[in-house]
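Below is one structure, written out as structure tokens, with a few remarks after it.
Numbering (my numbering), first residue to last: 726 to 791.
See the structure below:
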């Protein structure tokens, strides 16, 4: 995963929506969606809930969106 994908993953795990992630990371919402698609592909999951669960399974805590 790229450093940006990791930041997006942490934000998703914290429960942020795409629009909130975009604001938090200073990028367009469309860019967040591109990263989400890449994350879903890499994690072999189908939706953002499964992305958040995968982040939790990796040991990441909510609120650590650096």
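Where is the CB? At the ideal position from N, CA and C, for every residue including glycine. As the structure is a computational prediction, the values presented were derived from the model and not from experiment.
If you compare alpha carbons, which of the options is closest to residue i?
{"i": "residue 751", "options": "769, 736 and 776", "result": "736"}
Please report how far the alpha carbon of residue i lies from the alpha carbon of residue j, in whole angstroms.
{"i": "residue 765", "j": "residue 742", "result": "15 Å"}
{"i": "residue 767", "j": "residue 727", "result": "11 Å"}
{"i": "residue 748", "j": "residue 782", "result": "26 Å"}
{"i": "residue 755", "j": "residue 761", "result": "10 Å"}
{"i": "residue 773", "j": "residue 730", "result": "13 Å"}
Just to check my reading of the structure: residue i and residue j have Cβ atoms closer than 8 Å, yes? What is that Cβ distance to the nearest angstrom?
{"i": "residue 733", "j": "residue 746", "result": "6 Å"}
{"i": "residue 777", "j": "residue 738", "result": "5 Å"}
Over what stretch of residues does the alpha helix (DSSP H) that includes residue i continue unbroken?
{"i": "residue 751", "result": "No alpha helix (DSSP H) holds residue 751; DSSP gives it neither H nor E."}
{"i": "residue 771", "result": "Note, residue 771: premise wrong, no alpha helix (DSSP H); not H, not E."}
{"i": "residue 729", "result": "728 to 738"}
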